[in-house]
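**Q**
In our numbering, the protein residues as written are 3 to 307.
As structure tokens, then:
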């Protein structure tokens with residue numbers, strides 16, 4: 003059975019981590035390895051991880067493995083050690099990953115039921131694909147619906163001149179590209195390493211597809227690194243190091259991107275339901291019915307360009 007490795011970079015997000023872990027742990031039908039790469043948290047995180055894996059009271063690493071009735075395996079491993087930021091933590095986790103498929107999921111994000119089984123099935127039926135992007139649901143800190151993020155395969159010009167139009171919570175790739183195409187994350191970036199990574203994947207000829215299914219949940223906690231305005235100077239520096247001509251035609255790339263979204267019907271998402279773990283219900287998923295979904299991300303419209 004194909005195995006998938008999920009890396010969660012983490013620092014002092016102990017309130018959110020149990021929800022994230024629960025959303026990976028209940029993914030049946032596929033063998034899953036969940037690697038928690040902690041950067042030295044001083045909140046309740048290590049206490050929770052030690053209890054979860056039966057590690058000693060002073061342990062800085064631990065693991066637990068369970069075999070499910072369907073024969074699939076769930077393995078949780080964690081280590082707490084210094085790193086040079088989120089993308090360095092992701093790289094550290096990826097270097098220990100054993101799965102054929104890899105992804106990274108932040109502590110304030112979750113996978114939806116059956117997500118990983120669908121991802122593995124897609125890769126199995128598309129052996130030449132290197133990356134796949136899924137749709138995502140944006141929620142508030144209580145789990146309430148904010149908007150839908152339905153995506154298209156990113157294009158170089160739009161990503162270079164505008165913003166990344168996909169969410170890494172619903173991004174998966176084959177482990178082989180890490181070495182074959184040197185696709186580890188560039189740790190010199192603190193906020194926009196995912197955008198640089200996707201651009202590099204395009205430039206290096208990675209084959210990409212979209213699976214039209216809600217795969218993950220992105221939670222607006224108020225502390226999301228990629229939404230923090232402090233990342234704007236870094237985006238400006240990134241563009242200053244890039245060819246200037248794509249930015250001269252930013253309105254054109256934006257128009258063409260929105261036209262693609264219109265043609266694919268992404269401005270009219272259909273009613274759906276999603277089930278997630280919340281702080282009020284950390285051990286059982288809560289289902290939310292969305293009768294009137296919207297593509298509009300209030301206060302973040304530029305993120306939809």
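Where is the CB? At the ideal position from N, CA and C, for every residue including glycine. All values reported here derive from a predicted model rather than from experimental measurement.
(1) Could you name the residues of the same chain whose beta carbon sits closer than 8 Å to that of residue 142, not counting the 5 residues immediately before and after it, in chain order?
(2) By the DSSP assignment, the beta strand (DSSP E) with residue 76 in it spans what residues?
(3) Quick one: using the 10 Å Cβ neighbour count with 16 as the cut-off for buried, is residue 101 buried or exposed?
(4) Spatial neighbours of residue 167 within its chain, please: C-beta separation below 8 Å, excluding the five flanking residues on both sides.
(5) Which of helix, strand or coil does DSSP assign to residue 51?
(6) Once the 5 residues before and after residue 236 are set aside, which same chain residues still bring their CB inside 6 Å of it?
(7) Please list, in chain order, all residues of the same chain as residue 63 whose beta carbon is under 6 Å from its beta carbon, the five residues on each side excluded.
(8) Compute the beta-carbon to beta-carbon distance between residue 41 and residue 91, rounded to the nearest angstrom, for a pair I have assumed lies under 8 Å.
(9) Does the distance from the C-beta atom of residue 137 to that of residue 209 stay below 7 Å?
(10) So is residue 158 buried or exposed if we call it buried at 16+ other beta carbons inside 10 Å?
(11) Following the continuous alpha helix (DSSP H) through residue 2, name the residue where it begins and the one where it ends.
(12) Could you compute how far the alpha carbon of residue 39 sits from the alpha carbon of residue 95?
(13) Look at residue 26 and residue 6 and say whether their C-beta atoms are less than 7 Å apart.
(14) Our contact map puts residue 14 next to residue 47 with C-beta atoms below 8 Å; I'd like the distance itself, whole angstroms only.
(15) For residue 2, which three-state DSSP category applies?
(16) Rounded to the nearest angstrom, what separates residue 86 and residue 16 at their Cα positions?
(17) Skipping 5 residues on each side, what residues in its chain have a beta carbon closer than 7 Å to that of residue 59?
(18) Taking the alpha carbon of residue 266 as the reference point, which residue from 213, 287, 165 and 282 has its own alpha carbon closest?
(19) Report the three-state DSSP secondary structure of residue 5 (helix, strand or coil).
(20) Counting along the chain, where does the beta strand (DSSP E) carrying residue 212 start and finish?
(21) Under three-state DSSP, which class holds residue 176?
(22) Going straight from the alpha carbon of residue 294 to that of residue 269, what length do you get?
**A** So, from the data block:
(1) 148, 221 and 222
(2) 75-82
(3) buried
(4) 153, 154, 156, 160, 161, 259, 306 and 307
(5) helix
(6) 193 and 194
(7) 81
(8) 6 Å
(9) no
(10) exposed
(11) The question about residue 2 has no answer, for the chain in this structure spans 3 to 307.
(12) 6 Å
(13) no
(14) 7 Å
(15) This structure leaves residue 2 out entirely; the chain is present only between 3 and 307.
(16) 20 Å
(17) 52
(18) 213
(19) strand
(20) 210-221
(21) strand
(22) 12 Å
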